Every structure is written in structure tokens, then in C-alpha cells.
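Heads up: the structure comes next, in C-alpha cells.
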Amino acid sequence: MKCPRFCSQALTALVALLACATLLHATVDESHDFAMEAATPFVEQGFIVREDYWNGEVKSGQKLMITHQLFKGNEYAFWLGTSQDGVTLDMKVYDEKNQPIQINAKADKNFMSARVNPPKTGTYKIVFELKSKTDPSILWALAYGYR
Amino acid sequence: MKSSLFIRPALTAALLLAGSLSLAAAPQGAKGVENFDPLAFPGKVVDDVIVPVPSEVFSVLDKLGEPNWQAELRKQDIPTTSDRTKLSLLFGYTVAEGFVAVQAQDKEAVKDIGHDVISLAKSLGLSKSVLPHAQAILDAADKGNWSSIRKEFDLTQKTVKDTMEQMKDVDLSQCVSLGGWLRGTASVTSVVKKSFSADRAELLNQPMLVEHFVNAISKMPGSTREHDVVKSIQKGLAVVQDQMEGAVDGFTKDAVNQIGKTCDGLLTEILAKK
Chain U
1 MKCPRFCSQA
11 LTALVALLAC
21 ATLLHATVDE
31 SHDFAMEAAT
41 PFVEQGFIVR
51 EDYWNGEVKS
61 GQKLMITHQL
71 FKGNEYAFWL
81 GTSQDGVTLD
91 MKVYDEKNQP
101 IQINAKADKN
111 FMSARVNPPK
121 TGTYKIVFEL
131 KSKTDPSILW
141 ALAYGYR
Chain F
148 MKSSLFIRPA
158 LTAALLLAGS
168 LSLAAAPQGA
178 KGVENFDPLA
188 FPGKVVDDVI
198 VPVPSEVFSV
208 LDKLGEPNWQ
218 AELRKQDIPT
228 TSDRTKLSLL
238 FGYTVAEGFV
248 AVQAQDKEAV
258 KDIGHDVISL
268 AKSLGLSKSV
278 LPHAQAILDA
288 ADKGNWSSIR
298 KEFDLTQKTV
308 KDTMEQMKDV
318 DLSQCVSLGG
328 WLRGTASVTS
338 VVKKSFSADR
348 AELLNQPMLV
358 EHFVNAISKM
368 PGSTREHDVV
378 KSIQKGLAVV
388 QDQMEGAVDG
398 FTKDAVNQIG
408 KTCDGLLTEI
418 LAKK
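Listed in order, the protein sequences are those of chains U and F.
Counting along the first sequence from 1, when you hit position 81 you're at 81 in our numbering, and nothing is skipped either side.
If you want our numbering, it's the position in the second sequence, counting the first as 1, plus 147.
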């Protein structure tokens, strides 16, 4: 039995949609994979990686802010990853009084890491940015660990 | 007055140079280098809050002394219920208890908690996704692989929360976090009370998390928000919030006692058989 034209078009659209959804999902996961790649040397140094992480899609150059609880006495590491190539990554951390705190940041091709020793226990703001010269939007994942 | 063609580019170049010099000279994170106003933040605020697992706080307490984690284990029976709100709170409580057992390096307690996790997951209809992690907890307990057990408890909680959110049960997912946070905070206050110091007490400075839970409860559907235990938690969080806001110069022993008493009272309600 022949599929009518409408049916065939709908089927093509559905297949395309599914393919896009799979691709999007894969790249979000890949961003986390890159964040975990950044975490690898930290794990060797005794950092415990949290299984929860933040992720999403953002316009190139748009800053993102996350509020997070940190405990004085722990050393923290944040790992930002993206599956897209040619992306510049930047991250800053601010304390409760909105003052920037010293971080030790290192960037690589698809990820960056930032070490933080919180001077006080409390709420911190992690502000980060991903810039691409070619892609209008960027998929990202931010994970963290402590020791 | 118009500037000449030469002056304008020269001025611009000078300004650019001055700007780049000050940027290059400023060490990252130096005070006053960059004024940050979150209320005027030009970007996007990510609303998702990741609640720290109890072991994040426990690791600091370990550095500040040697708490007797064995004495912090409660070894309480988990009540049987079909109430999904209560089951979710109990799930969070149980996983947090697991983190205490890891800290105490108590294999038998970890195994008992692993079995409680399986039983609660079954009652919640989530055993399929939880069983592999629960089994990994039991296997790692036999080997005394504490880092692996800690990771699996974290994964178990994440799996349950993710599954609940996929099923549009965001309120239940929040209850898992709440149960865990209450149990973790009760342990912290108990350790701090036994050996009080300003550094230990400062670990209770978590106003953002309390505010997050208060907001989460206010957004829950009426049936969950009006649940007896959730109503008690809402009242209890207000008490904890007051103590945290009042601790401008640090937490007093009384404030720590009050937070501990509030958390313990709420946990008693969560663990009640009714």
C-alpha cells in the first residue's frame, strides 16, 4: 500500500525532529563529558565529583549566573564544558557581598576549570560566559567537586 | 570643540592602552577591581539550585576535628506508607543517613540503608532505576569502598529526583532534597553542639538553601503544600531562617540548639508511623 503524500511528509518531519532531538541530547551530554574530562586531574587529587550538575543552551556572549552554597574549609572546583569547538570560556566567582574572590582558572579547548577556596561559609555567585565566533548559541554543562 | 583627526585616534589609543594596562595589572579576584551588582546583572540567572550533599559539610567537620560519626547514626526503622510525599521525604532522609554511615565507615549500617533505599524505591515505583545503584552500594559496602558508596548514594538521589521530574513530580523531587537536607543539618548541629566553635557553627550559614526550600514549598500543588508534614516543615524552615538571619556576628550555641531542635522535630514527624 502506498503512503499518501501527506503521510510521507509527516513521516519525514517526524524523523527529522527525532534526529534533532537525539543530536541535541547528545551534545548536552557531550558538554558534561567535557566537564568531566576537566575534572579528571582533580579526581586524582582527591576531589569528590557531585553527580548533579547544571546545563543548558545560551546565546553566545550572554553571561549566566548560578547561586550556590559553599562551605569554608572545603576546596571547590568548578568545571565548565561545551561540546562545540572554538568557544572561549570565562568564569568568575563572587561572595555574599558581591566581591570577586580569588580563583585559580585554567582553560582548554572545550572546557575550563576554576578552583575556589571560599573565605566564608555562605552563598556564592558563579558567573560564566561562553563565546563563539561561529555559533549563535552554545550548549554548556557546569559540574563541581570538593575536597 | 572638535578634536583634530590626529588627537581622536591618539586619545582612543591612549584610553585603550590604559584600559588594557589596568586589566593586565589587576590580579584576578582582587578586591574592588570589578563591581558586581546581581540586581543589575545583564545576563541570565540560572534558577536551578543544587543542594549540597551532607558529606560536603561532613568533610569540613572532619577537618576541624574528629567527630564520632558512629554516635550520629540513628538506625531507625523506616515506616511503611503509601503516602508519596512522605515516601519522598523518607527517601531523602535515608540517603542522607547513608552519608552518615559512610562517614562512620559502618558496613552493616550502609547495607541496612541500602536495603531501605530498595524498599522505598519499590514503594515509589522507581525500583527499576534505583536497583543498579542500590546493588552497587551493597557490593561496595562488602569491599569497604567508601568513595564508591558515597558516589552511588549521590547517584541514587539524582536518579530518583530526575525520574520524578520526568514524571512531572517536581514537588516530590523537592521533598527528596528536603528530607536529605533536614537529616544532614540535624547531624551537623549535633556534631557542633558536642564541640562548639565559631568555625563549626558557621557551617549552618545556609540562608539561600532555606529560602530555596521555602520557595519550592510555596510553588507545590495544594495537595502537597497542605500535607501535614510539609506544613510543619514550612513552619520549621521559618524558625531556621530566623536563626540564620539573626546570626550576623556568628551563630551562638542557643541558635545551633534551636536549629537542631527544629530539624529533629521535623524528622520525628517524617519518621512517624502515621
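Glycine residues also receive a C-beta, built at the ideal position from the N, C-alpha and C atoms.
Keep in mind that this is a model prediction, so the values were computed, not measured.
Simplified DSSP state of residue 116 (chain U), which is helix, strand or coil: Translated into positions along the first sequence, residue 116 (chain U) becomes position 116. It is a strand residue.
Three or more C-beta pairs below 8 Å linking the region 264-281 of chain F and the region 213-231 of chain F: yes
Own chain partners of residue 374 (chain F) with C-beta closer than 6 Å, once the 5 adjacent residues on each side are dropped: To locate residue 374 (chain F), count along the second sequence from 1; it is residue 227. So the list reads 232, once near-sequence residues are dropped.
Any chain U beta carbon closer than 8 Å to residue 311 (chain F): Counted from its first residue, the second sequence places residue 311 (chain F) at position 164. Not one beta carbon of chain U lies nearer than 8 Å to the beta carbon of residue 311 (chain F).
Expected contact under 8 Å - CB spacing of residue 224 (chain F) and residue 241 (chain F) to nearest Å: Within the second sequence, the letter at position 77 stands for residue 224 (chain F). Within the second sequence, the letter at position 94 stands for residue 241 (chain F). In fact, because the Cβ distance is near 11 Å, the residues do not count as touching under 8 Å.
is_contact[residue 23 (chain U), chain F] using C-beta, thresh 8 Å: What you label residue 23 (chain U) is simply residue 23 of the first sequence in a count that begins at 1. Confidence in residue 23 (chain U) is poor, its pLDDT being 47 and thus under 50, which makes the residue's placement unreliable; the coordinate value appears in the next sentence. No, because no Cβ of chain F sits closer than 8 Å to the Cβ of residue 23 (chain U).
Residue burial classification, residue 189 (chain F) (beta-carbon count within 10 angstroms, cutoff 16): Numbered from its first residue, the second sequence carries residue 189 (chain F) at position 42. Exposed is the call here.
Residue 52 (chain U) in three-state terms, based on DSSP: Counting from one through the first sequence, the residue named residue 52 (chain U) turns up at place 52. DSSP places residue 52 (chain U) in coil when its eight states are reduced to three.
Counted within 10 angstroms of its Cβ, other Cβ atoms place residue 100 (chain U) as buried (16 or more) or exposed: As a working mapping, residue 100 (chain U) is identified with position 100 in the first sequence. Buried.
Three-way DSSP call (helix, strand, coil) for residue 90 (chain U) in this model: In the first sequence, counting from the first residue as 1, residue 90 (chain U) sits at position 90. Residue 90 (chain U): strand per DSSP, three-state reduction.
DSSP-derived helix/strand/coil call for residue 360 (chain F): Residue numbering aside, residue 360 (chain F) sits at position 213 when the second sequence is read from its first letter. Reduced to three states, the DSSP call for residue 360 (chain F) is helix.
Member of U:80, U:62, U:46, U:41 whose CA lies at the smallest distance from the CA of residue 54 (chain U): As a working mapping, residue 54 (chain U) is identified with position 54 in the first sequence. Nearest C-alpha to residue 54 (chain U): U:80.
Within-8 Å CB hit, residue 392 (chain F) to chain U: For the purposes of this step, residue 392 (chain F) is taken as residue 245 along the second sequence, with counting starting at 1. Under the Cβ distance rule, residue 392 (chain F) does not count among the residues neighbouring chain U, no pair being separated by less than 8 Å.
The alpha helix (DSSP H) enclosing residue 241 (chain F), as first and last residue numbers: Position 94 of the second sequence, counted from the first residue, corresponds to residue 241 (chain F). Bounds of the alpha helix (DSSP H) holding residue 241 (chain F) are 231-251.
Interface partners of residue 79 (chain U) on chain F, CB under 9 Å: Reading the first sequence from its first residue, position 79 is the one you call residue 79 (chain U). Within chain F, no residue comes near residue 79 (chain U); the closest Cβ sits about 13 Å away, beyond 9 Å.
Other residues of its chain near residue 211 (chain F): CB distance less than 8 Å, five sequence neighbours each side excluded: Position 64 of the second sequence, counted from the first residue, corresponds to residue 211 (chain F). If we look at residue 211 (chain F) and ignore the five residues flanking it on each side, its Cβ neighbours are 344, 346, 347.
Candidates F:284, F:267, F:280, of which the one nearest residue 258 (chain F) by Cα: The count along the second sequence starts at 1 and reaches residue 258 (chain F) at position 111. Measuring C-alpha to C-alpha distances from residue 258 (chain F) to each of F:284, F:267, F:280 identifies F:284 as the nearest.
Sequence-distant residues of its chain with Cβ nearer than 6 Å to residue 133 (chain U) (five each side left out): Numbered from 1 along the first sequence, position 133 holds the residue referred to as residue 133 (chain U). Contacts found: none.
Residue-chain proximity (residue 130 (chain U), chain F), Cβ-Cβ < 8 Å: Reading the first sequence from its first residue, position 130 is the one you call residue 130 (chain U). No, no contact with chain F.
Between the CA atoms of residue 353 (chain F) and residue 261 (chain F) - distance to the nearest angstrom: As a first step, residue 261 (chain F) is located in the second sequence; it is residue number 114 there, counting from the start. As a first step, residue 353 (chain F) is located in the second sequence; it is residue number 206 there, counting from the start. Going by C-alpha positions, residue 261 (chain F) is about 29 Å away from residue 353 (chain F).
Residue 148 (chain U) vs residue 57 (chain U) beta-carbon contact at 8 Å: No answer is possible for residue 148 (chain U): it lies beyond the span of chain U, which begins at 1 and ends at 147.
Contact list for the region 28-54 of chain U against chain F, Cβ threshold 9 Å: 48, 49, 50, 51, 52, 53, 54
Partner residues on chain F for residue 87 (chain U), Cβ-Cβ distance less than 7 Å: Residue mapping note: residue 87 (chain U) aligns to position 87 of the first sequence, counting from 1. Simply none; closest approach about 16 Å.
Chain F contacts from the region 106-139 of chain U (Cβ-Cβ distance under 8 Å): 120, 121, 122, 123, 125, 127, 129
Cβ neighbours of residue 43 (chain U) in the same chain (closer than 8 Å, five flanking residues each side left out): Counted from its first residue, the first sequence places residue 43 (chain U) at position 43. These residues qualify, in order along the chain: 49, 145.
Residue-level contact to chain U via CB, residue 206 (chain F), 8 Å cutoff: For the purposes of this step, residue 206 (chain F) is taken as residue 59 along the second sequence, with counting starting at 1. Answer yes: the Cβ-Cβ gap between residue 206 (chain F) and chain U drops below 8 Å somewhere.
Contacts of residue 367 (chain F) in chain U (Cβ-Cβ under 9 Å): Translated into positions along the second sequence, residue 367 (chain F) becomes position 220. Correct list: empty, because the minimum Cβ distance to chain U is about 20 Å.
Distance, residue 400 (chain F) Cα to residue 32 (chain U) Cα: As a position in the first sequence, residue 32 (chain U) is number 32, starting the count at 1. As a position in the second sequence, residue 400 (chain F) is number 253, starting the count at 1. C-alpha separation (whole angstroms): 42 Å.
8 Å Cβ cutoff, residue 69 (chain U) in contact with chain F: Counting from one through the first sequence, the residue named residue 69 (chain U) turns up at place 69. Yes - at least one Cβ of chain F is within 8 Å of the one on residue 69 (chain U).
Residue 186 (chain F), DSSP secondary structure in three states: By one-based count along the second sequence, residue 186 (chain F) stands at place 39. Residue state, collapsed to three classes: helix.
Residue 221 (chain F) and residue 244 (chain F) closer than 8 Å at C-beta: Within the second sequence, numbered from 1, the residue matching residue 221 (chain F) stands at position 74. Within the second sequence, numbered from 1, the residue matching residue 244 (chain F) stands at position 97. Yes.
Coil, strand or helix - residue 41 (chain U) by DSSP: Position 41 of the first sequence holds residue 41 (chain U). The answer is helix: DSSP assigns residue 41 (chain U) an H, G or I state.
Between the CA atoms of residue 226 (chain F) and residue 64 (chain U) - distance to the nearest angstrom: On the first sequence, position 64 is the one that residue 64 (chain U) refers to. On the second sequence, position 79 is the one that residue 226 (chain F) refers to. The alpha-carbon atoms of residue 64 (chain U) and residue 226 (chain F) are separated by roughly 43 Å.
Residue closest to residue 38 (chain U), alpha-carbon to alpha-carbon, out of U:76, U:113, U:125: One-based indexing of the first sequence puts residue 38 (chain U) at position 38. Comparing Cα-Cα distances from residue 38 (chain U) to each of U:76, U:113, U:125, the minimum goes to U:113.
For residue 71 (chain U), the nearest candidate out of F:219, F:313, F:205, F:216 (CA to CA): The count along the first sequence starts at 1 and reaches residue 71 (chain U) at position 71. It is F:205 whose Cα lies nearest to the Cα of residue 71 (chain U).
Interface partners of residue 388 (chain F) on chain U, CB under 8 Å: Counting from 1 along the second sequence, the entry for residue 388 (chain F) is found at position 241. The contacting residues do not exist; residue 388 (chain F) stays about 13 Å from chain U at best.
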